Each structure stands twice: as structure tokens, then as C-alpha cells.
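Written below as C-alpha cells is the structure these notes are about.
Numbering (the UniProt record's numbering), first residue to last: 1 to 235.
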């Protein structure tokens, strides 16, 4: 069976994660490989993460390049900070399964039919932390209807009766629920050029780590509280 080909990263829990970076136009084979593996093992959960890019924005870094991003840095935080200066677009979409992670570079203006179909598969459960804005943006920008998306922060808050979980980042939530400690995102990576056709290893690791954390959290929560799963249906 075909598998992913790309950098192998070691996650905080010791897992070796294979990653592959592709353009949207060339994503069909990777998506096929993911789906075939998911069907073969009966694991239909996909960790979901996106990275925003800023068109017309010459990337700069915070005054202190060693500063780590705060635990509540979110997509909305970043877009608000630059909303008066530039347009922001989804630059990278990362999907993580048992097999590994596929990082898909998106165009601001179009999306492939292969990716559109994959995201609309009703039997696949896409899980992410604070993904509501992402789901809505995909619908507004590309007309994508994700049939089966789960907001993990809400689900964790409900299952564990811990309302503050809704404010946690994915890496923080992994620490609480999985006892896996992930380092905070370096701001130098977070604010880097995600539209670059040659993503560096730090960018790949950052995006893959977030999607992997979402996948692991999603598996744990759905196994421990499947009756509480609340899906986001975009219509």
C-alpha cells in the first residue's frame, strides 16, 4: 500500500510522524493514501489545522525574536492584528491521521475538487481546537461544506466539566487531557511566510504538531464521551 513520503518528525510522546508537503493541485494522491489507510484500519478521525497567510504583507517578527507565543494566540487574534493592513487567507491546511500528516498549500482563489470532496466526506470526522472560524472561512472562501467537523475545546469542556477548556490552545489541551507536553509555538514561525513554496522544517514541524495534537485529543475524547460529540454542520 502507498504511504506518505517526507520528513519524519518525533513528537513529544515519542511517536514518529511522517509528513508530506504538497500543493493543492497535487494533493489527490496523498488524500487517496490517507483515505485508503483510514478505511483499512477503521479509524476515520482526522486532525485538522490551518495556517493563515497575509497577502501584501512583508513578514516581520516581534521585536524580541526569542518571544514565545502566548497560550491563547489564535487565528482570530492574528487576523485582528493585521485586518487594517492586509487581506488574510488560508495558506496551509494540515490533515493528520494514524498514518501521518499531509500539509497542503492552498491558493487564495481556488481549491481542487479532490480536496473539496475529501473535506465533505460524511464518514470522516475532522477534529480541531478552535476550528469554527476555519470551517466558516473555508465555506466563505471556497464554498466547502465540511459535513462532519468537531470542535474539541467545546467537547473537552463538556466531557470533563471544565468550562475553561474552551480557552485552551490545542497544545495546552493535549497537556491536560493526554499528559503530553508540547512546547509553545515560536512566534518567529507563527508569523513566518506560510505562502512560501519551500516551507522550512520549523514550519512543517509547527503545523504538523498542531494537527497531531488535535488528532490525539480527538481520539481520546471521542472514545471517552462519544455520546457527547457535537458536530459542526456547515450548510
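The beta carbon of each residue, even a glycine, is placed where N, CA and C say it ideally should be. Just so we're clear, the structure is a prediction, and the values are computed from it rather than from any experiment.
- For the beta strand (DSSP E) that residue 99 lies in, which residues bound it at each end? Neither: residue 99 is in no beta strand (DSSP E) and is coded neither H nor E.
task = Might you give, ordered along the chain, the residues of its own chain that have their beta carbon closer than 6 angstroms to the beta carbon of residue 197, omitting 5 neighbours on each side?
result = none
Quick check on this structure: which residue in 217, 219, 204 and 223 has the alpha carbon closest to the alpha carbon of residue 9? 204
From residue 182 to residue 164, what does the alpha carbon distance come to, in whole angstroms? 19 angstroms
Could you check if residue 5 is buried or exposed, using at least 16 other CB atoms within 10 Å of its CB as the buried criterion?
By the neighbour-count criterion, in which a residue is buried when 16 or more other Cβ atoms sit within 10 angstroms of its Cβ, residue 5 is exposed.
To the nearest angstrom, how far is the alpha carbon of residue 15 from that of residue 222? 20 angstroms
**Report entry** Residues near residue 220 in its chain [Cβ-Cβ closer than 8 angstroms; skip 5 each side]
**Finding:** 177 and 178
Excluding sequence positions up to five away, which residues of its chain have a Cβ less than 8 angstroms from the Cβ of residue 208?
9, 17, 19, 94, 96, 101 and 103
Just to confirm, are residue 143 and residue 134 a CB contact at a threshold of 9 angstroms?
no
Checklist line | Euclidean distance between Cα positions of residue 112 and residue 28 | finding: 9 angstroms
message = Would the stretch 151 to 162 count as touching the stretch 187 to 202 if we require 3 or more Cβ pairs under 8 angstroms?
response = no
CB residue 202 to CB residue 188, shorter than 9 angstroms? yes
### Message
Buried or exposed, going by whether 16 or more other CB atoms sit within 10 Å of the CB of residue 125?
### Response
buried
| query | Run through DSSP, which three-state label would residue 89 get? | reply | strand
Taking C-beta to C-beta, are residue 296 and residue 147 nearer than 9 angstroms? It is not possible to answer for residue 296, since the shown part of the chain is limited to 1 through 235.
Residue 119: first and last residue of the uninterrupted alpha helix (DSSP H) it sits in: 113 to 119
- Query: What number of angstroms, rounded off, separates the C-alpha of residue 139 from the C-alpha of residue 170?
  - Reply: 23 angstroms
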